[in-house]
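Take a look at the structure set out below.
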Amino acid sequence: EQKAWESIRDYLDIIKDKSIFFMGDNLMEVSLARCMVRAGMTVLEVGIPYMDTRYQAAELALLTKTCKEMGKPLPRIVEKPDNYMQVQRIKEMKPDLAITGMAHANPLEARGINTKWSVEFTFQQIHGFTNVRDLFELVTRPLRRNKSLPEEWQTFVKDGAPAKKLEA
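Count the sequence shown with full-length UniProt numbering and you get residues 1 to 168, in order.
Now the structure itself:
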């Protein structure tokens, strides 16, 4: 396990002390949240479409234990989240990264929130220590991509650029 963590040191440096918000649509959110806490992130919210605590109790207990060990707050867990309210909380909390369904990604990006499609975690080989780099490649890609963009990409109009007159 220690070798696996050492192999992703470059990714851990990117996400350390960053915040993440899971909107929820693939039932892997609790496990992913625990992994991100272990990696040094603060998980603000875990939205999950369905939670049967008979089967998820051990994972929830492990998330609680991991948050305590890492000195991170326990995230809010929301079953069957109301997407409108989640978007409002995202606006308020301003996470560094939101894991979301495809429908919400572009609107959130337009508001300056880095996003990653949750469906990518479903189809990517991310399970086990041998695939840990693939998991953290997915998580850090939007952070690395948006950090590399020139500053003028953060606004719709480049500073100092003359306003163009639209003709009817």
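C-beta atoms are modelled at their ideal positions from N, C-alpha and C, and glycine is treated no differently.
These figures come from a predicted structure and were not determined experimentally.
Bridge-paired residues (DSSP) for residue i
i	result
T115	A98
F22	V46 and I99
E79	I48
Per-residue burial, residue i [other beta carbons within 10 Å of its own, 16 or more giving buried]
i	result
F136	buried
K3	exposed
P73	exposed
G71	exposed
Nonlocal neighbours in the same chain, by C-beta distance under 8 Å from residue i, ignoring five residues either side
i	result
E59	V30, S31 and R34
D17	G40, M41 and T42
Q56	V30
Own chain partners of residue i with C-beta closer than 7 Å, once the 5 adjacent residues on each side are dropped
i	result
D25	P49, G101 and S118
L140	Note on identity: in this sequence residue 140 is Thr, with Leu being the wrong assignment. Y11, I14 and I15.
R144	I14
K8	Here residue 8 is Ile; the residue named in the question, Lys, does not match the sequence. So the list reads V132, R133 and F136, once near-sequence residues are dropped.
P75	A33, V43, L44, E45 and V46
Contacts around residue i, its chain only, beta-carbon distance under 6 Å, and the 5 residues preceding and following it disregarded
i	result
S19	T42, L44, P95 and D96
W5	none
M51	E79
A110	none
N146	N114
Supposed contact pair residue j and residue i - C-beta distance, whole angstroms, cut 8 Å
i	j	result
P142	N106	Not a contact, Cβ separation roughly 12 Å.
G47	M28	Contact doesn't hold; Cβ gap of about 12 Å is too wide.
E120	L138	6 Å
T66	R38	6 Å
Simplified DSSP state of residue i, which is helix, strand or coil
i	result
Q56	helix
L12	helix
M28	coil
K72	coil
M41	coil
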